[in-house]
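Keeping their order, the protein sequence lines are chains A and B. The letter at position 509 of the first sequence is residue 508 when you use numbering that gives the first Met the number 0, and the numbering goes up by one with no holes. The letter at position 47 of the second sequence is residue 46 when you use numbering that gives the first Met the number 0, and the numbering goes up by one with no holes. Working notes, structure below.
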Amino acid sequence: MLLRTRLILIMIFAFLAIIVVLAATSIVREDIMRGQFGAAITADRETLWRKIVENSIQRMEDKAWYAHGDLELVEALSNNDQAQVIKASSRIFGEIISTELADRLDVLTEDGTLVYSSTGELNATSIILPATIIGTNERLRGVGNDLSRNVAIALSIPIRVTGSKDVVGYAIFSTHIDEALEELRDSTDSDVFIVNRRKRLLASTNGSLWEDFQRAEAEARWDPIAGSPEILLEFPAQLIRASSETYLLSLLPMNAELGSLRAYLITARDATEWANQRREITRISTFAVAFFVILAILLLSWYLRHSLAPLTRSVSVLDMLSRGQTDADLELEERNDEVGHIADAINRLRTDLQAFASLRRSREKQRKRQERYIRREMTKLAGTLDTADREEVLRELHQIEQQEFTQNDHAHATGDETLRSVEGLNLMALAFEKMRERIVSQQGEMSGLISELREALESKTAYAALQQELEIGKKVQLSSLPGALPESDDVELEGIMIPAKEVGGDFYDYFVLDQNRIGIAVADVSGKGVPAALFMAISRTLLRAVAPRFDSPGACLEHLNDLLVQNNEEELFVTVFYGIYDRTSQTLLYANGGHNAPMMVQDQEVSEIPLTGGMALAVFDGITYDEKSVSLSAGERLFFFTDGITEAVNSSGEEYAEHRLSTVLGRLVSASSHETLQGVIEDVNLFVGNEDPFDDMTCVCLHQLPMTKTEKGGN
Amino acid sequence: MEVSTRDHDDWLILEAEGRIDSKTAKSFETALLTPIKEGRQEVIVDFARLDYISSAGLRVLLMAAKRLRGPDKAFRLCGLNANILQVLQVSGFDRMLSIHDDCAAALAPQEG
Chain A
0 MLLRTRLILI MIFAFLAIIV VLAATSIVRE DIMRGQFGAA ITADRETLWR
50 KIVENSIQRM EDKAWYAHGD LELVEALSNN DQAQVIKASS RIFGEIISTE
100 LADRLDVLTE DGTLVYSSTG ELNATSIILP ATIIGTNERL RGVGNDLSRN
150 VAIALSIPIR VTGSKDVVGY AIFSTHIDEA LEELRDSTDS DVFIVNRRKR
200 LLASTNGSLW EDFQRAEAEA RWDPIAGSPE ILLEFPAQLI RASSETYLLS
250 LLPMNAELGS LRAYLITARD ATEWANQRRE ITRISTFAVA FFVILAILLL
300 SWYLRHSLAP LTRSVSVLDM LSRGQTDADL ELEERNDEVG HIADAINRLR
350 TDLQAFASLR RSREKQRKRQ ERYIRREMTK LAGTLDTADR EEVLRELHQI
400 EQQEFTQNDH AHATGDETLR SVEGLNLMAL AFEKMRERIV SQQGEMSGLI
450 SELREALESK TAYAALQQEL EIGKKVQLSS LPGALPESDD VELEGIMIPA
500 KEVGGDFYDY FVLDQNRIGI AVADVSGKGV PAALFMAISR TLLRAVAPRF
550 DSPGACLEHL NDLLVQNNEE ELFVTVFYGI YDRTSQTLLY ANGGHNAPMM
600 VQDQEVSEIP LTGGMALAVF DGITYDEKSV SLSAGERLFF FTDGITEAVN
650 SSGEEYAEHR LSTVLGRLVS ASSHETLQGV IEDVNLFVGN EDPFDDMTCV
700 CLHQLPMTKT EKGGN
Chain B
0 MEVSTRDHDD WLILEAEGRI DSKTAKSFET ALLTPIKEGR QEVIVDFARL
50 DYISSAGLRV LLMAAKRLRG PDKAFRLCGL NANILQVLQV SGFDRMLSIH
100 DDCAAALAPQ EG
């Protein structure tokens, strides 16, 4: 609930409380006052009444001698002469009446019998209770009543015989109470009633009014001023309302001490005017109070609203500021109270917030610029990473951008820019860190690579040196091959070796053994590289050294084999084809140690010469080698080769194979040895194409020259 | 070139697949000679899936044969295709190596 409302409610409550208290007090006071007033009036009335009664009695007492001084009466009473008594009493009554001192005379004998009553009623009873009178010697004064409910102020006068003390009878003067009542009424300006305990009217100045009272009692309608219309005989004063008039009743308990009744004397004063006045006043004051209270509350309400309006406004401005809307303006007139202070403070706050917001915006812009810059640089840096890493980094950067966009929208929605910028920075920092790690690791790898490179460079240099030496070695190897035999007129013998990239293990050799015989060898060491080359050198040297001692190629190979088996730690082997060509017989005697069979070209026919079945050399010692021989006719040739020719492969992996060799040899049937060798080599190269030669290609061609015309005749 | 090995009783059976030339001869040498060095005495080399063998490969076979010469030792070849067989015949190594048609034949106990 609003403060304002609460304040107003409190005010209302306070007012109500005050009003209630005041009203209660006034009611109580009024009651007391009324009580006092009633009591005062009652006391007054009582005094008045007593005075009236006393007056009446006094009047009667003044003329008491009418009764006790009347000799006739005295005599009649003492004689107990009723008739006389009556007569005398009538006469006395007449006198009483004419002097207006009373309006009734009762005469009783000394035993209390009522002899005469001026009422003339048949069953009249004494106005004073006989029981009360009998035996009294004094005058009795007071209010009495008879059994017919007549109430009167009475004076009893004992009648005595003159000079005697004995009472012979009593004379009662009484004045009807009505007279006294009327006198009271005139004095008090109130109607007077005498009622018994049961509120039955005994005497009154205004009997109909009492009926009204009784009617009001019966209706029992509560009146705000008078309260309940029940006449309570306990209270000395009360208000009752009857027939739209209010009466103030005063209660005087009155004992008709001389009679038998217990009665009350009630005066009813018309208090209507007073009651109306009071009602008027009450009404007016109630209205006035209500009016003023409401006015006060309205004024208060208005004033509160007016006073607190700036506060409410301040609150709403604060609210807007808290939501980040700094353009709310708080315009108020200057005030020096709390509300004014609050407004001032809020205005200051607003200014600060605006400044802060603009500062934040500019910072944000700057940060974004920085971010963009960093991202650009990172992207550039990423370029230095290798593909996988670079792609990851670029992807992460892209993700960061995307996220920034979505966060941008989100931030605009919630206005929470700090959060976004912090998160953006976090992502960036993460990406940056990852990249740093990558770069560091790449650097590490590169350092490793660099040192490997350095080693590799060293190796390369060493290797280049080695290669060079091997080149030299190869050259030496090549240069150690025999050149063409000097030209002769019967035989052509030439060899060629095309080395493979690596230093090879092939060799060929031919040498003159004597005038007629030439030794021809073709050999292939297993494997390639330096060990093969060295072994080849050894083999070649040994063969050359050993061959001249043997006429049998088989024996030669046996010996060569045994030599080579020793000191063959590398466990290489070498295939050797060795033959001795006799120029005179045009026959080649040969032995084969594991080498492929040479081709013989006879006219158009190219065929392999039979193998001797010997095993490759340098494996097992003590091996025997068989021999065979073959003859060459004029024009025929023998083509020795190593498997580098037949096993040369082209790009499809196909081997050159023996059949192609046969074919090309068939074509070259009329060529010279030199041409034959060149032709075969070319054909192989053509076949192989761009591939590097895998193995050394070695071939030797022994051409038995065709006879010339001049020679046909000779020899 | 791939070499796979399996055991059959006391026999070590090597299967060479592909080509044995100067490039692959070294790994073939390691695959064949290491078990022998470690004590295997009965070895079969199955060439059923081998297309070609060069002189470098032949050298390895010779090395194995030399090491497994003697009583209680055996070195046998099987599954040679025509080309490889011819190479062995030309080089004369067929006389020194125990050659069989297939693995089962190689595993059968030999005479003398």
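Don't be surprised by glycine CBs; every beta carbon is placed ideally from N, CA and C.
Assigned exposure category for residue i - 16 Cβ within 10 Å defines buried
i	result
I547(A)	First, the amino acid is wrong: residue 547(A) is Pro here, not Ile. By the neighbour-count rule (16 or more Cβ atoms within 10 Å), P547(A) is not buried but exposed.
G712(A)	Bear in mind that a pLDDT of 47 at G712(A), under 50, signals an unreliable position, so the model cannot answer this.
Y589(A)	buried
G111(B)	Legend: pLDDT at G111(B) = 43, less than 50; position of this residue unreliable, value from coordinates given subsequently. Per the 10 Å Cβ criterion, exposed.
K527(A)	buried
N144(A)	buried
S672(A)	buried
N560(A)	buried
H658(A)	exposed
V19(A)	exposed
E710(A)	Per-residue confidence for E710(A) stands at a pLDDT of 49, beneath the threshold of 50, marking its modelled position as unreliable; the derived number appears in the next sentence. So E710(A) ends up on the exposed side.
V699(A)	buried
A130(A)	exposed
Q476(A)	buried
H7(B)	exposed
G134(A)	exposed
N714(A)	With a pLDDT of 44 at N714(A), under the threshold of 50, the modelled position of this residue cannot be trusted, and the question is left open.
A42(A)	exposed
F74(B)	buried
H340(A)	exposed
Pair within 8 Å by beta-carbon distance, residue i and residue j
i	j	result
L183(A)	M59(A)	no
A531(A)	S538(A)	no
F576(A)	H594(A)	yes
V73(A)	V167(A)	yes
G592(A)	L616(A)	yes
I265(A)	V150(A)	no
L57(B)	F92(B)	yes
L722(A)	I345(A)	Because chain A here runs from 0 to 714, residue 722(A) falls outside it and cannot be looked at.
L393(A)	T383(A)	no
F46(B)	I83(B)	yes
A522(A)	V605(A)	no
T697(A)	M535(A)	no
F693(A)	A499(A)	yes
Residue i CB to nearest heavy atom of the ligand GTP below 7 Å
i	result
E470(A)	No copy of the ligand GTP appears in this structure; indeed no ligand is present at all.
* Take every Cβ of the region 59-78 of chain B, pair it with every Cβ of the region 668-684 of chain A, and state whether three or more of those distances are shorter than 8 Å. => Counting C-beta pairs closer than 8 Å gives fewer than three between the region 59-78 of chain B and the region 668-684 of chain A, which falls short of the contact rule.
* Could you tell me whether the region 168-181 of chain A touches the region 242-251 of chain A, where touching means 3 or more Cβ pairs closer than 8 Å? => Counting C-beta pairs closer than 8 Å gives fewer than three between the region 168-181 of chain A and the region 242-251 of chain A, which falls short of the contact rule.
* Are three or more beta carbon pairs between the region 273-288 of chain A and the region 307-319 of chain A nearer than 8 Å? -> Look at the beta carbons and you see the region 273-288 of chain A not touching the region 307-319 of chain A: under three pairs across the two are nearer than 8 Å.
* Touching by the beta-carbon criterion (3+ pairs, under 8 Å), the region 121-138 of chain A and the region 103-110 of chain A -> The count of Cβ pairs closer than 8 Å, one atom from the region 121-138 of chain A and one from the region 103-110 of chain A, reaches three, so the stretches are in contact.
* Residues from the region 70-100 of chain B in contact with chain A, defined by Cβ distance under 7 Å -> For the region 70-100 of chain B, the set of residues with a beta-carbon nearer than 7 Å to any beta-carbon of chain A comprises V89, S90, G91, F92, R94, M95, in chain order.
* **Interfacial residues, the region 676-693 of chain A to chain B, with Cβ spacing under 9 Å** => So the close ones are F693.
* With 8 Å as the limit, tell me which residues of the region 602-633 of chain A have their beta carbon closer than that to any beta carbon of chain B; keep them in chain order. => Shown in chain order are the members of the region 602-633 of chain A whose Cβ falls below 8 Å from a Cβ of chain B: L610, G612, G613, M614, A615, V618, F619.
* **Contact set between the region 562-584 of chain A and chain B, restricted to residues whose Cβ is under 8 Å from the partner** => Correct list: E570, L571, F572, T574.
* To do: Quick one: which unbroken alpha helix (DSSP H) runs of 4-plus residues sit fully inside the region 193-234 of chain A? Chain order, please.
  => Segments of the alpha helix (DSSP H) lying fully in the region 193-234 of chain A: 206-218.
* Any chance the region 34-49 of chain B sits against the region 504-517 of chain A, with 3 or more Cβ pairs inside 8 Å? -> No, they do not touch.
* **Residues of the region 514-528 of chain A with Cβ closer than 9 Å to any Cβ of chain B, in chain order** => Hits within the stretch, in order: D523, V524, S525, G526, K527, G528.
* **Inside the region 95-164 of chain A only - beta strand (DSSP E) runs reaching at least 3 residues** => Within the region 95-164 of chain A, the complete beta strand (DSSP E) segments of 3 residues or longer fall at 103-108, 113-116, 139-144, 150-159, listed in chain order.
* Asked: Taking the runs of the beta strand (DSSP E) that are 3 residues or longer, which of them lie wholly in the region 574-627 of chain A?
  -> Counting whole runs of 3 or more residues, the region 574-627 of chain A contains the beta strand (DSSP E) stretches 586-592, 598-601, 604-607.
* Segment contact, 8 Å Cβ cut-off, at least three pairs: the region 647-666 of chain A with the region 453-471 of chain A -> As far as the Cβ criterion goes, the region 647-666 of chain A does not touch the region 453-471 of chain A, which means the pair count is below three.
* To do: Inspect the CB distances between the region 487-495 of chain A and the region 3-20 of chain B and report whether three or more fall short of 8 Å.
  => Contact annotation: the region 487-495 of chain A does not touch the region 3-20 of chain B, with fewer than three C-beta pairs closer than 8 Å.
* Asked: In the region 479-511 of chain A, which residues sit with their C-beta less than 9 Å from some C-beta in chain B, listed in chain order?
  -> For the region 479-511 of chain A, which is checked against every Cβ of chain B, the residues closer than 9 Å are E501, G504.
* Whole runs of the alpha helix (DSSP H) within the region 642-681 of chain A, excluding any shorter than 4 residues -> Runs of the alpha helix (DSSP H) inside the region 642-681 of chain A: 642-645, 656-666.
* Are three or more beta carbon pairs between the region 631-646 of chain A and the region 451-458 of chain A nearer than 8 Å? -> Too few Cβ pairs lie closer than 8 Å, so no.
* Any residues in the region 19-48 of chain B with a beta carbon nearer than 9 Å to a beta carbon of chain A? Which ones, in chain order? -> Taking 9 Å as the Cβ-Cβ cut-off against chain A, the residues of the region 19-48 of chain B that qualify are D20, S21, A24.
* Under 8 Å (Cβ pairs) to chain A, residues found in the region 56-67 of chain B -> For the region 56-67 of chain B, which is checked against every Cβ of chain A, the residues closer than 8 Å are L57, R58, L61, M62, K65.
* Cβ contact (3+ pairs, closer than 8 Å) linking the region 210-223 of chain A and the region 285-304 of chain A -> The region 210-223 of chain A, when compared against the region 285-304 of chain A, does not touch it at the 8 Å Cβ threshold.
* Would you list, in chain order, the members of the region 635-664 of chain A that have their beta-carbon closer than 7 Å to a beta-carbon of chain B? => For the region 635-664 of chain A, which is checked against every Cβ of chain B, not one residue is closer than 7 Å.
* To do: Just list the beta strand (DSSP E) runs in the region 230-298 of chain A, keeping only unbroken ones of 3 residues or longer that don't cross its boundaries, in chain order.
  => Segments of the beta strand (DSSP E) lying fully in the region 230-298 of chain A: 236-241, 244-254, 261-269.
* Asked: If you scan the region 431-516 of chain A from start to end, which runs of the beta strand (DSSP E) of 3 or more residues do you find wholly inside it?
  -> Taking only runs of at least 3 residues, the beta strand (DSSP E) segments lying wholly in the region 431-516 of chain A are 490-497, 505-511.
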